[in-house]
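In the order they appear, the protein sequences are chains A and B.
Letter 11 of the first sequence, counting from 1, is numbered 11 in the working numbering, and no numbers are missing.
Letter 23 of the second sequence, counting from 1, is numbered 23 in the working numbering, and no numbers are missing.
Below is one structure, written out as structure tokens; comments come after it.
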Amino acid sequence: MANDDLGLETELRLGLPGVGAGAGAGADSDASGLVEKNEKKRMFSHISDHRSNDSKAVNKNQVVGWPPVCSYRRKNSFKRDEGSKMYVKVSMDGAPFLRKINLGTHKNYWDLVLALENLCEALKDDDNSDYVLIYEDKDGDWMLAGDVPWEMFCESCKKLRIKKKADAKGIGLHAKDLLKRFSKGE
Amino acid sequence: MVNYFPEEVLEHVFSFLTSHRDRNAVSLVCKSWYNVERFSRGKVFIGNCYAISPERLISRFPRVRSLTLKGKPHFADFNLVLHDWGGYVYPWIEAMAKGCTNLEELRLKRMLVSDASLELIAKSFPNFKSLVLVSCEGFTTDGLAAIASNCRFLRELDLQENEVEDPRGQWLSCFPDSCTSLASLNFACLKGEVNLAALERLVARCRNLKSLRLNHAVPPDVLQKILARAPQLVDLGAGSFVHDPESETYNKLKNVMQKCTSIRSLSGFLDVNARCLPAIYPICINLSSLNLSYAPGIYSKELVKLIRKCKKLQCLWILDTIGDKGLRVVASACKELQELRVFKSDPNDVGNAAVTEEGLVAISAGCPNLNSLLYFCRQMTNTALITVAKNCPNFIRFRLCTLDPITPDAVTMQPLDNGFGAIVQSCKGLKRLSVSGLLTDQVFLYIGMYAEQLEMLSIAFAGNSDKGMVYVLNGCKKLKKLEIRDSPFGNMALLADTGKYETMRSLWMSSCKVTFGACKSLAEKMPRLNVEIINEGDEMEGGSDDRQNVEKMYLYRTLVGPRKDAPDSVWTL
Numbered sequence: 001m002a003n004d005d006l007g008l009e010t011e012l013r014l015g016l017p018g019v020g021a022g023a024g025a026g027a028d029s030d031a032s033g034l035v036e037k038n039e040k041k042r043m044f045s046h047i048s049d050h051r052s053n054d055s056k057a058v059n060k061n062q063v064v065g066w067p068p069v070c071s072y073r074r075k076n077s078f079k080r081d082e083g084s085k086m087y088v089k090v091s092m093d094g095a096p097f098l099r100k101i102n103l104g105t106h107k108n109y110w111d112l113v114l115a116l117e118n119l120c121e122a123l124k125d126d127d128n129s130d131y132v133l134i135y136e137d138k139d140g141d142w143m144l145a146g147d148v149p150w151e152m153f154c155e156s157c158k159k160l161r162i163k164k165k166a167d168a169k170g171i172g173l174h175a176k177d178l179l180k181r182f183s184k185g186e
Numbered sequence: 001m002v003n004y005f006p007e008e009v010l011e012h013v014f015s016f017l018t019s020h021r022d023r024n025a026v027s028l029v030c031k032s033w034y035n036v037e038r039f040s041r042g043k044v045f046i047g048n049c050y051a052i053s054p055e056r057l058i059s060r061f062p063r064v065r066s067l068t069l070k071g072k073p074h075f076a077d078f079n080l081v082l083h084d085w086g087g088y089v090y091p092w093i094e095a096m097a098k099g100c101t102n103l104e105e106l107r108l109k110r111m112l113v114s115d116a117s118l119e120l121i122a123k124s125f126p127n128f129k130s131l132v133l134v135s136c137e138g139f140t141t142d143g144l145a146a147i148a149s150n151c152r153f154l155r156e157l158d159l160q161e162n163e164v165e166d167p168r169g170q171w172l173s174c175f176p177d178s179c180t181s182l183a184s185l186n187f188a189c190l191k192g193e194v195n196l197a198a199l200e201r202l203v204a205r206c207r208n209l210k211s212l213r214l215n216h217a218v219p220p221d222v223l224q225k226i227l228a229r230a231p232q233l234v235d236l237g238a239g240s241f242v243h244d245p246e247s248e249t250y251n252k253l254k255n256v257m258q259k260c261t262s263i264r265s266l267s268g269f270l271d272v273n274a275r276c277l278p279a280i281y282p283i284c285i286n287l288s289s290l291n292l293s294y295a296p297g298i299y300s301k302e303l304v305k306l307i308r309k310c311k312k313l314q315c316l317w318i319l320d321t322i323g324d325k326g327l328r329v330v331a332s333a334c335k336e337l338q339e340l341r342v343f344k345s346d347p348n349d350v351g352n353a354a355v356t357e358e359g360l361v362a363i364s365a366g367c368p369n370l371n372s373l374l375y376f377c378r379q380m381t382n383t384a385l386i387t388v389a390k391n392c393p394n395f396i397r398f399r400l401c402t403l404d405p406i407t408p409d410a411v412t413m414q415p416l417d418n419g420f421g422a423i424v425q426s427c428k429g430l431k432r433l434s435v436s437g438l439l440t441d442q443v444f445l446y447i448g449m450y451a452e453q454l455e456m457l458s459i460a461f462a463g464n465s466d467k468g469m470v471y472v473l474n475g476c477k478k479l480k481k482l483e484i485r486d487s488p489f490g491n492m493a494l495l496a497d498t499g500k501y502e503t504m505r506s507l508w509m510s511s512c513k514v515t516f517g518a519c520k521s522l523a524e525k526m527p528r529l530n531v532e533i534i535n536e537g538d539e540m541e542g543g544s545d546d547r548q549n550v551e552k553m554y555l556y557r558t559l560v561g562p563r564k565d566a567p568d569s570v571w572t573l
């Protein structure tokens, strides 16, 4: 259903014989079906491209009520207090400027790593480098991320840094690439 | 001949019939059986609250003690139905309060329940024992306070997945000291704080408490105290399970858990530190049901360690963080498994968490008793489905949801018609089916041909033409509920067999190719159906073009004509 008021092209064609235009509304649980911002679509497209094989597919972020997760579950699966805003700076080797990320919106390391991967996609100079994730704690020490429980980490983390493994001498060189470790769904 | 049985004998014989279907059948035999049956009917199930009126219910079954009502159509769960579409319970309670005050039990699903309704229940039914609310909304903890304060014999208060406002948070303290009858209390869905001291006292005095599901506001130290008081619990929903594994509290919790040898069902863990899970290892061996689908942040490794110990598990609800690898462990450890639900852990679909056809195949190979499945997966193949069908012929419920609703077979890129075809052919007892992925009319041919016991079918983004829907309507003789979205079925299919809809509870069609004109002519032809057009945008006011496609149509059989409580955006034709 084209929604011209927003000036955004939302009509979705499923491209199947005999099938008409599908619903082209956003994935928010807002029942009025607001369109997913184009900005958000672009950011995730990198990850969906190389992580899933549905390149020909209906863009799942644009369909109301799909996947069919009941609205209670959608709202309550992730118990993060919206109130806890824990913004920390994220610096990355080779990047010309820093970013900020809100630890409060993530529920565990894995979630954070995914978000960082997302953030850094544009900044990475080559995909073949190994990276380690370190953080500065309350005492000013630089620590390897992942050792302490998530909540404890959130409380003590002041800054995040993504270092190329080759440069990270003296900081747990035996630790495997953290990003890869969490990506494997450990 | 049958009339020579005195009524008391008939009534006694009927008392052995518990299923409402059997009772319905019995009441059709003859007038005298109809009468005996209706006066002795205690439990009534109404699958669509608009199919009948409360007054007619009471006049037919004056002695009803237990009432089950369902309101909104199923797709309301996915935000496809307006919030104010309907399903108000108040008129039912009002009518029962006047005509049938021996009501003891009320079970509601997808209904709008106001505080006023709850207050009326609390006031009107002196023997009220059991309130079960599933996916309802419209009430606050004030309404619960009224129930707690006034229902002296309350045995069961079970709140599942409701949206509840909590203005005051003191409802739990409203259970008087004299209340000792609670056997089941589930408030896991409440978001607010509860009076923990009141909770502890309540648990201590209700010696029959068997089922207790806490919300996130109940911390581990209180959980520990509660379990110490109630080692007889059979069903536990832990609230918060976040604590320091080095702490004294954790130690105490571990010790007390070991004594809870009656626990068969475990759920909750709404906030959890995976390092604390070993506290529940001692009871795993006794578990028949485990629901970790609301427990975020448990890595697959921890999940697997836990599940490995649950050798007697029959029912498992889990997040897809378990992965295919984890499902293989489930398959090897949980040989008695009958029901599996794998939910999406990430509603935004970012990242790797997912299960595929491999996990499902492993489960089917290891768990031959599997009869109920809900599986959110990234991809599926025909070969996998065919294997699953062969391994598990006992499916009663089979619901598959692929991440992308029209994804083809991940290997062959073909439609998934043959896979689902194998499922319906093999599983002769299949009652409920949800299909997804790339599907043509062929899958519906198979469903019509083989799914003889099918009662509920959910279709999304599937099929090529009207023929698909017609195959289903013609073939599935026991079909009760059909819900279709975003599929190319149109007027020809809708009007092919209008009499069929009187044998069904309801039909939902949204974003299909059905026009106003066709809906109107259907409504004209079938006066015992309500044909509702749900219209969110206000594009059609007053006259509308008959050739225009209808966005959402919901039709259902009814004995009481169009309802009077529909909002402006819902038209009954």
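Even for Gly, the Cβ is constructed at its ideal location relative to N, Cα and C.
When secondary structure is reduced to three states using DSSP, residue 298 of chain B falls in the coil class, being assigned neither helix nor strand. Look at the beta carbons and you see the segment 321-335 of chain B not touching the segment 128-144 of chain A: under three pairs across the two are nearer than 8 Å.
Contact between the segment 374-381 of chain B and the segment 394-411 of chain B is present, with at least three C-beta pairs closer than 8 Å. With a beta-carbon spacing of about 6 Å, residue 300 of chain B and residue 322 of chain B fall inside the 8 Å limit used to define contacts. Of all residues in the segment 357-370 of chain B, none has a C-beta nearer than 8 Å to a C-beta of chain A.
Contact of residue 297 of chain B with chain A is assigned, a C-beta pair being separated by under 7 Å.
If you draw a straight line from the Cα of residue 476 of chain B to the Cα of residue 359 of chain B, it comes to about 30 Å.
Beta-bridge pairing by DSSP links residue 92 of chain A to A:162. Within the segment 46-87 of chain B, the complete beta strand (DSSP E) runs of at least 3 residues fall at 66-70. Two segments are said to touch when three or more pairs of C-beta atoms, one from each, lie closer than 8 Å; by this definition the segment 52-66 of chain B does not touch the segment 460-471 of chain B.
By the rule that beta-carbons nearer than 7 Å mark a contact, residue 376 of chain B touches chain A.
For residue 155 of chain A, the uninterrupted alpha helix (DSSP H) run begins and ends at 150-156, by DSSP.
For residue 302 of chain B, the closest Cβ of chain A is not nearer than 7 Å. Residue 238 of chain B carries a strand assignment under DSSP once its states are collapsed to helix, strand and coil. Using a CB distance below 7 Å, the part of the segment 133-149 of chain A facing chain B consists of 149, ordered along the chain. The Cβ atoms of residue 523 of chain B and residue 531 of chain B lie closer than 7 Å to each other. The segment 206-278 of chain B is shown to contain whole beta strand (DSSP E) runs of 3 or more residues at 211-213, 235-241 and 265-272, in chain order. The Cβ of residue 67 of chain A sits closer than 7 Å to at least one Cβ of chain B.
Between residue 163 of chain A and residue 132 of chain A, the CB-CB gap stays under 7 Å.
For residue 87 of chain A, not one C-beta of chain B is nearer than 7 Å to its own C-beta.
For residue 453 of chain B, the secondary structure class from DSSP, reduced to helix, strand or coil, is coil. Distance between residue 137 of chain B and residue 192 of chain B, taken at the CA atoms: about 16 Å.
Going by DSSP, residue 138 of chain B is part of the beta strand (DSSP E) stretching over 137-140.
Under the 8 Å Cβ criterion, the segment 291-308 of chain B does not count as touching the segment 222-231 of chain B, having fewer than three qualifying pairs.
If the five residues before and after residue 71 of chain B are omitted, its C-beta is found closer than 6 Å to the C-beta atoms of 49, 87, 110 and 111, all from its own chain and listed in chain order. Nearest Cα to residue 173 of chain B within the set B:183, B:156 and B:147: B:147. Within the DSSP secondary-structure output, residue 186 of chain B pairs in a beta bridge with B:158 and B:213.
At the C-beta level, residue 509 of chain B and residue 484 of chain B come within 7 Å of one another.
In the structure shown, the three-state DSSP call for residue 407 of chain B is coil. At the C-beta level, residue 424 of chain B and residue 451 of chain B come within 7 Å of one another.
Of all residues in the segment 237-252 of chain B, only 242 place a beta-carbon less than 8 Å from a beta-carbon of chain A.
Between residue 489 of chain B and residue 433 of chain B, the gap from beta carbon to beta carbon reaches 7 Å or more. By the Cβ-count criterion, residue 559 of chain B is exposed, with fewer than 16 other Cβ atoms from all chains shown falling within 10 Å of its own Cβ. The shortest C-alpha to C-alpha distance from residue 213 of chain B to any of B:198, B:22, B:187 and B:339 is the one to B:187. Between the alpha carbons of residue 134 of chain A and residue 116 of chain A lies a distance of about 12 Å. With a cutoff of 7 Å on beta-carbon distance, residue 415 of chain B and residue 439 of chain B are scored as near each other.
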